[in-house]
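If you read the sequences in order, they're chains A and B.
Here my numbering is used: the first residue of the first sequence is 11, the next is one more, and so on.
Here my numbering is used: the first residue of the second sequence is 312, the next is one more, and so on.
First the structure, in the form of structure tokens, and then the observations on it.
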Amino acid sequence: MKAVFGILLVLIVWHLLHFLFPSSLILPGPVETFEVFVKILNRETFEALLSTLLKGLVTTFIVIAVGLPVGFVMGISDRMYEFLRPLVTVVQAVPVVSWLVVVIFLWGIGWQGPVVISSLSLIPVAVFTTVSGVRSVDRKLLEVMKVYRVPRRTILKEVYLGSIWPFVLSILEVSSGNVWKAVVMGEYLCGDRGLGVLISWARQYVDVPRVYALTIFTVVLGISFERSVKVLARRVWKKWRLS
Amino acid sequence: MRKDFNGMKVIENWSFSVGKGDRVTLLGPSGCGKTTFLRIVSGLEDFQGKVEVFTDKIGYVFQEPRLIPWKTITENLMLIRRDPDKMASLLEKVELKGFENHYPWQLSEGMKQRVNFVRALLVDPELLLLDEPFDALDLKTKMKVMNLLVDLWQKRRFSIVFVTHNVKEAVFLSERIFLLSGRPSKILDEVELKEKARDFTDEKLFGLEKMVIERLLSLLR
Chain A
11 MKAVFGILLV
21 LIVWHLLHFL
31 FPSSLILPGP
41 VETFEVFVKI
51 LNRETFEALL
61 STLLKGLVTT
71 FIVIAVGLPV
81 GFVMGISDRM
91 YEFLRPLVTV
101 VQAVPVVSWL
111 VVVIFLWGIG
121 WQGPVVISSL
131 SLIPVAVFTT
141 VSGVRSVDRK
151 LLEVMKVYRV
161 PRRTILKEVY
171 LGSIWPFVLS
181 ILEVSSGNVW
191 KAVVMGEYLC
201 GDRGLGVLIS
211 WARQYVDVPR
221 VYALTIFTVV
231 LGISFERSVK
241 VLARRVWKKW
251 RLS
Chain B
312 MRKDFNGMKV
322 IENWSFSVGK
332 GDRVTLLGPS
342 GCGKTTFLRI
352 VSGLEDFQGK
362 VEVFTDKIGY
372 VFQEPRLIPW
382 KTITENLMLI
392 RRDPDKMASL
402 LEKVELKGFE
412 NHYPWQLSEG
422 MKQRVNFVRA
432 LLVDPELLLL
442 DEPFDALDLK
452 TKMKVMNLLV
462 DLWQKRRFSI
472 VFVTHNVKEA
482 VFLSERIFLL
492 SGRPSKILDE
502 VELKEKARDF
512 TDEKLFGLEK
522 MVIERLLSLL
532 R
């Protein structure tokens, strides 16, 4: 119910702002945007949505598949941390436009660019979150393992991996909120299909209401995915009673 | 043996031996290095001096249960030693039969502490280290676990090193008690208990407890 009131508040503020700036070129009103939103509920938009969704899922997979092992190794070995930290920090600091040049030279316009750009912008966060996870492993549990001479491999699998689960969920939560923004931006800059490409076309035709309607699509997609991940995460938290 | 923490002396020149099958208690105030001593013996702490441990089959009942929260009781125990029959038998002895598939958060502190005992006994220890493990247990369970330890000790004659500040527990469980001073701690005296109490209601226990308290007070005066 509170969410409904929140959405209503956004619509009211939006409408008032449109009243102050009545130009559709600057801020189309909610009614006009909704009309366009209904109009673009067609095959083309759904294909774009599907393309963005797939890129988002692939990106999330890459972020977990790269960020988790790299963060894990950096977390358990100080030497590896010192060795890899500069690289990860540099990747984190490089502006997206700089990646754009490399990506366009390598793959041109296509699906690879948005996936690579969004992965690179999210992997460092995943790496450093995993490092924190590994380092926060309960020392007391490690002492138990040491006293009872549990093999190192078992400790890594049963204690470390178990301990970083909450951090994996946290990476998923953070990524799920940001991945869509990153993918749509990547599509906008160097994609051949997807919501970002449609937004780019609408911008070229100065079709601002369409830009807004497509943005709503992206926001709905992002919120739905983030919510789903949160529900999943809450179930796991509940099972372990760690929260 | 000596142990300093950031230049502050905690343990000052302790020297004693524990033979195979001995039951020894280190009795002293909080912060006198009792737990540190057990950590040293089990290889968890650095120190100055020399400690020789005659076995690597060590069971350590920690002060707190230290169970992996996302694993069931069975999974926690199997990680230490895969012996389902022995595990089942020990869990039954500490009245935890039926809780094998529970997670630690589903058990009370006392129940978790009993799992801690089972874990230590599961490895068939030749040296059992007990770090004030009875505080979380109610009187009935405490007596049950203590009797279980004594029974097992009579059958297997493993060595027990027990640290506590509880005189009654020390007197009941051990044959020799080392009385410790506060920090930096020294061994003030060694009390040998020739008589043994049968249980917590045995009159002998009160007499022995009184004797140890009086000795301790005379040393601290």
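For each residue, glycine too, the CB sits at the ideal point set by N, CA and C.
Every value quoted in this text rests on a predicted model; they were computed, and no experiment measured them.
- Among the CB atoms of chain B, none fall inside 8 Å of the CB of A/T228.
- Taking 8 Å as the CB threshold, A/G204 stays off the interface with chain B.
- Here DSSP, grouped into helix, strand and coil, assigns A/I174 to helix.
- Counting only runs of 4+ residues, the alpha helix (DSSP H) found wholly inside the segment 386-438 of chain B occupies 395-404 and 420-433, in chain order.
- By the Cβ criterion, the segment 138-146 of chain A is not in contact with the segment 344-363 of chain B, since fewer than three pairs of Cβ atoms, one from each stretch, lie closer than 8 Å.
- For B/L355, the residues of chain A that pass the 8 Å Cβ criterion are E153, K156 and V157, in the order they occur in the chain.
- In this structure B/E480 is not in contact with B/Q374, their Cβ atoms being roughly 13 Å apart against a cut-off of 8 Å.
- For the 8 Å CB-CB criterion, B/F469 and B/E437 form a contact.
- Per DSSP, B/V364 lies in no beta strand (DSSP E) and is assigned neither H nor E.
- If the five residues before and after A/V98 are omitted, its C-beta is found closer than 6 Å to the C-beta atoms of P134 and V137, all from its own chain and listed in chain order.
- Using beta-carbon distances, A/G172 counts as an interface residue toward chain B, with a partner under 8 Å.
- With a beta-carbon spacing of about 5 Å, B/G344 and B/S496 fall inside the 8 Å limit used to define contacts.
- In terms of Cβ geometry, A/L132 and A/V189 form a close pair [threshold 8 Å].
- Counting the other Cβ atoms within 10 Å of the Cβ of B/Q417 gives fewer than 16, which makes it exposed.
- Within chain B, the C-beta atoms nearer than 8 Å to that of A/V160 come from L390 and I391, in chain order.
- In chain order, K150, L151 and V154 make up the part of chain A whose C-beta sits under 7 Å from the C-beta of B/R377.
- Chain A has no Cβ within less than 8 Å of the Cβ of B/I471.
- Residue pairing of B/M319 in beta bridges, as defined by DSSP: B/F316.
- For B/L355, no alpha helix (DSSP H) segment is defined, and its DSSP state is neither H nor E.
- For B/I369, the chain A residues whose Cβ falls inside 7 Å of its Cβ are V157, in order along the chain.
- Scanning the segment 34-81 of chain A for uninterrupted beta strand (DSSP E) segments of 3 residues or longer gives nothing; none is fully contained.
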